[in-house]
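Residue numbers (our numbering), protein chains in the order written: chain A, 63 to 518; chain B, 63 to 518.
Encoded structure:
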């Protein structure tokens, strides 16, 4: 396998191309709208945080087929030469409406709409879902950690158990968007301008046999940036070594920035280590904790008053371990000017091009949303905004820091019950009369041929 | 963000580089062994299936730094010019021992060992874990689906909710290794020579308004490959439309290959649809089912005798939804000829270079493993084999089909209780006396300075 090309137009489901071939054969290519939305919240969650839009827009801007891509597609034997040839000229030239990254949203509310010729809008389904689903689930999980962290430093530690390379990079991005302080993943730091943080591993201590020598050697190498890992053998014994070492190091201009505790009862160890440092006049050394953390453990440590200055949160956040997927869909809602929806059992969807309006109270708290059809006017502020027109962005890329600030505003506007980690009563999302009428109209449009009728 | 470069040497944790800088400063670069292993099985699991080795070997072979990589590293401000310069010559020149892909393994048994200078062996930690962890957890989950499927066709459907692009590709590979029939992810099919499968989406039916017309149009476009999705509105009504259509299509040389059912009670719908087709003399049309499937649902449908010929299994397999991560580690076990281990609370590890021996009964069933130190001789067959010496592969890349056949053998050799989906008594893995002795020796080597002793 050569370098993974995430931008390959073949990074999609085969069925997108078999459908395209069929549309091509029958000359069907009217304008379609598809919307991405979540059917229901994962258990225990009160809201979701939209993320991944910038990656989707970059994908749409750059999507094209090389001769090699077309050759590979030809080799499957499913496609006609004329269709394959047409792909050489493929460009996405449609419109995109979306909620800005960092928007809080709820079931049935679309966070992205593609309006384009059906061949274009269909082809991009798989990768759009792949991007929006993952960044959204991580941002939504990370937002819970941020709420639980009550302002403590939070660093993404999850590359090693993230599901592959792109998950490692995008989870660093999504967690930073949601309010994390930074990431341990160097490439994510470089690519997305996210502050990066690094400490040391147990192996570094083990390689030295003498723990104190390991600490001294590392601190001298990172004279203003050393975080020493103190739980390889005995946490409190190691804290005493750090305390003894600190004076010597200070004399040579080296300051120990912090220690990290990665195992055992993190709160209890932190208290004892804090006392050891404070007793030695080392109030300046911070305590950083890691190891199987999630929003619940962070909340409990904060509530117990553990003297922990920052948390490394990895695996459970990057995999959204308690809810590793969303019940989400990218569905055709309009074709050739007519509303469409599916009515599959348990999976019926709302037709048409939709908009959400959000009402806020005088103190800025979210009061409720209305889901309606585009063009309908409702109280509140519309959440879907134009992002791309005829294949071009309507505005430059939104800086990640801007989206991060917007996410913080959105989280601050959540009703108190929704900010809790426990499941609350659902946030009110009302479906407008206009949208309900459209659903009935869409159903009436579908030819209800009797079961034994021959096709026309 | 430009194309994701999974092969960037910066796709790692920052701490790998801060440790390397410290080793560089102190001139520490003796030979180290690190081993990757899983501490314990996820809840409900009886075994794991090793996967990801080929990607690790390819990564090690190609790992190097461009001038741009070094510039980006320099921009963090943590590294000395001499150290940065040294990275321009970095090549992995160590040895790799590993269990072949498709090997069944158990907690504490290493599936990969890197033996190299400590700077090399440390640097590769994060990406090695990222690759082995993900492919192993997917192969292990997919193996359960394969055991439940009892020979039915199984197709990976999971790209859209896999965690990013690489997860989509590697889960197609890992599930095929474990025994899946193929994948819907086109690029994975092309890259890994995996059979690819595609059907149609609900949007295709919705765009046509007339369901029967959608079926006819699609079948004519894929005259020997059409699988028609029949649950957009009413599954049995759609089956009648397909039956009525089949004769017309057959006259024009078009055969409907199968139908797909994606919602509702899959077993009950399949029975009714089978009856409709059989009643029309259409025994040749297969029934394919998808929608929230995992090993339990597949097993129940098979056990109930549902006339389903194949299953599309996606999200829950690609995210290993019930166990989205493994408690795994990449730990220093030897440095400068001496065994090492950490003793952190709840995370103590076995030191030294290890080997697993597996004993088989006369009928080929696995009887038990012995975990011991390399060079010790035990009953059974050794599982760790040399893969790379001084940075070069000892043999050409193992074809995926070869590993797939080996995985099938391994699954066939599992004791019956371990093949069940329910948790069984643990498979016996004995720790040899030699390894236990080595652990005591490793502990004695660590300098046990008193808590207040000054560093040497």
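Backbone N, C-alpha and C fix where the C-beta goes; we use that ideal spot for every residue, glycine too.
Keep in mind it's a predicted model, so treat the numbers as computed, not measured.
At a cut-off of 9 Å between beta carbons, residue 263 of chain A contacts chain B. The alpha-carbon of residue 286 of chain A is positioned some 18 Å away from that of residue 343 of chain A. Taking the Cβ atoms as the reference, residue 394 of chain A lies roughly 4 Å from residue 265 of chain B, within the contact range of under 8 Å.
Separation of the CB atoms of residue 404 of chain B and residue 268 of chain A is rounded to 6 Å, and the pair is thereby assigned contact status at 8 Å. Taking a cut-off of 8 Å for Cβ pairs, the stretch 250-265 of chain A and the stretch 70-79 of chain B touch, as three or more such pairs fall below it. For residue 377 of chain B, the chain A residues whose C-beta falls within less than 8 Å of its own C-beta are 387, listed in chain order. Residue 176 of chain A has a beta carbon lying at 9 Å or more from every beta carbon in chain B. Under the Cβ distance rule, residue 180 of chain B counts among the residues neighbouring chain A, one pair being separated by less than 9 Å. When Cβ-Cβ separations below 9 Å define contact, residue 191 of chain A makes contact with chain B. With contact defined as three or more Cβ pairs closer than 8 Å, the stretch 491-498 of chain B and the stretch 185-205 of chain B are not in contact. The Cβ neighbour count for residue 485 of chain B, taken over all protein chains shown within 10 Å, is under 16; the residue is labelled exposed. Residue 437 of chain A has its alpha-carbon roughly 28 Å from the corresponding atom of residue 425 of chain A.
Contact with chain A is found for residue 77 of chain B, since one of that chain's Cβ atoms lies less than 9 Å from the residue's Cβ. Take the alpha-carbon of residue 212 of chain B and the one of residue 321 of chain A: they are about 52 Å apart. Counted as a single uninterrupted DSSP element, the alpha helix (DSSP H) harbouring residue 228 of chain A occupies residues 227-240. Within 9 Å of the CB of residue 397 of chain A, the CB atoms of chain B belong to 265, 268, 269, 270, 271, in sequence order along the chain. Under a 10 Å Cβ-count criterion, residue 303 of chain B is classified as buried, with 16 or more other Cβ atoms of the shown protein chains found around its own Cβ. Classified as exposed, residue 423 of chain A has fewer than 16 neighbouring CB atoms from the shown chains inside 10 Å of its CB. Taking a cut-off of 8 Å for Cβ pairs, the stretch 87-102 of chain A and the stretch 214-225 of chain A do not touch, as fewer than three such pairs fall below it. Annotated three-state conformation of residue 134 of chain B is helix, per DSSP. For residue 287 of chain A, the chain B residues whose C-beta falls within less than 7 Å of its own C-beta are 140, listed in chain order.
Cβ proximity to chain B below 8 Å picks out 246, 247, 248, 249, 251, 252, 253, 254, 258, 259, 260, 261, 262, 263, 264, 265 from the stretch 235-265 of chain A. Assignment of residue 246 of chain A by DSSP, reduced to helix, strand and coil, places it in the coil class.
Residues of the stretch 222-236 of chain A with a C-beta atom less than 7 Å from some C-beta of chain B are 222, 223, 224, 225, 226, 227, 228, 229, 230, 231, 232, listed in chain order.
In the structure shown, the three-state DSSP call for residue 445 of chain B is coil.
If you look at residue 174 of chain B, you'll find it in the beta strand (DSSP E) that goes 174-179. Excluding sequence positions up to five before and after residue 318 of chain B, its CB lies within less than 7 Å of the CB of 281, 288, 290, 304, 308, 311, 347, all in the same chain and listed in chain order. C-alpha of residue 217 of chain B to C-alpha of residue 421 of chain B: approximately 33 Å in a straight line.
The C-beta distance from residue 141 of chain A to residue 83 of chain A rounds to 5 Å, short enough to meet the 8 Å contact threshold. In terms of Cα proximity to residue 247 of chain A, the closest of A/228, A/241, A/240 is A/228. About 11 Å separates the beta carbon of residue 450 of chain B from that of residue 175 of chain B, a gap too long to meet the 8 Å contact definition.
Looking from the CA of residue 349 of chain A, the closest CA among A/356, A/371, A/355 belongs to A/371. Taking a C-beta distance under 9 Å as the contact criterion, residue 208 of chain B and residue 241 of chain B qualify as a contact pair. In the structure shown, the three-state DSSP call for residue 214 of chain B is coil. With respect to residue 339 of chain A, residue 301 of chain A sits close: the two C-beta atoms are nearer than 9 Å. A Cβ-Cβ separation of about 12 Å leaves residue 162 of chain A out of contact with residue 418 of chain A under the 8 Å criterion.
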